[in-house]
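A.B. asks:
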Amino acid sequence: MSLIKVGSDKVAYRPLFDRFNAQAVCVESAYLLSRDEYVDSINQSLSNLLNTRCHVSEADYDLLNPETLDYGVPVLFGLPDFSYYDPMNRLSWQKLQRYIKNSVRLFEPRFELETLEVQDFNINTQTLTCLFTGWIHHNDKRELIAYSVGIDSPNRS
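Taken in order, the sequence shown gives residues 1 to 157; the numbers are from the numbering used here.
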């Protein structure tokens, strides 16, 4: 589906559920995003995705493919439970990176992940900070973007 060019600064369609919640005065504002709004929308989506837990087994999660995924099944959305991993242990980060990459690949098609770096675990806030670098597409352009996303530990009370 091609983008309708009604406004010079609009580059992408707003995600479906964001359209339902849009408090816009005109149709263009409700359906279309500027480049900055598009980048922010992807960042918000990544944060929501990575701070949601799904309840499928690790083995089943690894077998999910975007081509066969039923997006109407909320149990698949998010990261599998990794509460038994110690986020302070850097050896656990490699496994968590695999989960995170798979989740982004499955559920955020607007962002083509290039690199993922687990940067830090803050013991006070129980937050794992990750740096995502990847490509977004808008207005027939491909742009390299970096996001820093904090992931709450499942053990956080």
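Just so it is clear, CB atoms sit at the ideal spot from N, CA and C, and this is done for glycine as well.
#1: For the beta strand (DSSP E) containing GLU112, list its first residue and its last residue.
#2: Could you pull out every residue in the same chain whose Cβ sits closer than 6 Å to the Cβ of GLU143, ignoring the five residues on either side in sequence?
#3: Is the CB of PHE111 under 8 Å away from at least one CB in chain C?
#4: So, with DSSP's three-state summary, where would you put GLU143?
#5: What did DSSP end up calling LEU49 once you bin it into helix, strand or coil?
#6: Any idea what DSSP makes of LEU33, helix, strand or coil?
#7: Name, in chain order, the residues that DSSP records as bridge partners for VAL149.
C.D. replies: This is what the structure gives:
#1: 111-122
#2: Close CB contacts of GLU143 within its chain, under the 6 Å cut and outside five residues either way in sequence, are with ILE136 (chain order).
#3: Of the protein chains in the structure, only one exists, and it is not chain C.
#4: Look at GLU143 here: in three-state DSSP terms it is strand.
#5: helix
#6: strand
#7: CYS130
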